Each structure stands twice: as C-alpha cells, then as structure tokens.
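One structure below.
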Amino acid sequence: MANNLEKGNRGESIAKSYLLSKGYKILVTNYRTKQGEIDIVALFTSTLVFIEVKTRTSSNFGYAYEAVNRRKQDRIIKSSFIYMKENNYYNYQLRYDIIEIYLTEKIKLNHIENAFC
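Numbers 1 to 117, taken from the working numbering, label the letters of the sequence shown in order.
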C-alpha cells in the first residue's frame with residue numbers, strides 16, 4: 001500500500017460496496033464541515049446512518065475501531081446534525097456505525113452498528 005490516503009480510499013470503496021450489497025442507499029461520501037468529516041452517510045430503511053470507516057493493514061497496534069475516540073465521535077455527531085439540517089432529514093432514526101477494514105492477505109470487514117451515540 002503506497003500511503004495512508006490510498007489505503008483509506010481503498011477501505012472506503014470496500015465499505016461502500018459492502019453497504020450497497022446489504023441494501024443501504026449511499027447519500028454522500030466524505031461529507032465535510034468545520035466540525036469534522038463523515039466518511040459515509042447512508043439510508044437504511046427509515047434510518048439515517050453515519051459511518052466512520054477505519055482501514056488498517058494489521059491489528060498490531062490495536063483494533064481499528066479504537067481510533068474512533070470520544071473526540072472523533074463528538075465531531076461526527078456535530079457534523080451529522082449539520083448534514084440533517086442542510087438536507088431536511090428530520091423524521092428519521094439516527095445511527096452511528098463504524099466499519100473496520102483490515103487489508104490483510106484475506107480482506108476482513110467488521111461492521112459495528114450503533115457503535116456510539
């Protein structure tokens with residue numbers, strides 16, 4: 001893997017394919033505000049899902065989800081409120097997920113639903 005940006009892009013591409021195969025509708029990727037960034041915003045039935053994708057080449061330095069600390073969670077939550085207001089998503093349930101991608105010999109994906117609130 002050449003660099004972290006390429007690794008992250010590959011992980012997000014894998015995550016999007018996975019979500020589409022599970023019936024999610026991808027609304028936007030890499031949504032940015034002054035508060036932070038949301039990797040993927042998707043709709044699943046009547047639930048608006050904000051997804052953080054973490055990609056690793058190993059778990060030698062901890063699990064990928066551990067990188068989504070409280071500060072990162074707060075930024076995602078604040079950004080999600082801005083997204084909902086800008087796009088008039090008022091009558092939807094909300095969910096915050098993490099998708100871990102491990103780019104090992106065999107790619108591993110772990111989808112953690114309701115990872116934080």
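Here a beta-carbon is modelled for each residue, glycine too, at the ideal position from N, C-alpha and C.
What you are looking at is a predicted structure, and each value in this text was computed from that prediction instead of being measured.
How about residue 52 and residue 82: are their beta carbons less than 8 Å apart? no
Since residue 97 sits in a beta bridge, which residues does DSSP pair it with? 51
Inter-stretch contact at 8 Å, needing at least 3 Cβ pairs: the segment 53-61 / the segment 87-94: no
Excluding the 5 residues flanking residue 73 on each side, which residues of the same chain have their C-beta closer than 8 Å to its C-beta? 96 and 116
Roughly how many angstroms lie between the CA atoms of residue 38 and residue 13, to the nearest whole one? 14 Å
Coil, strand or helix - residue 12 by DSSP: helix
Who are the Cβ neighbours of residue 112 in its own chain at under 8 Å, not counting the five residues just before and after it? 65, 97, 98, 99 and 100
Comparing alpha-carbon positions, which option in 36, 60, 63 and 103 lies nearest residue 78? 36
Check residue 77 in the structure and name its three-state DSSP category. helix
Just to confirm my understanding: we take residue 57, look at its own chain, exclude 5 residues before and 5 after, and list those with CB closer than 8 Å. What are they? 1, 7, 102, 103 and 104
What does a CB cutoff of less than 7 Å around residue 27 pick up in its chain, not counting 5 residues either side in sequence? 41, 42 and 43
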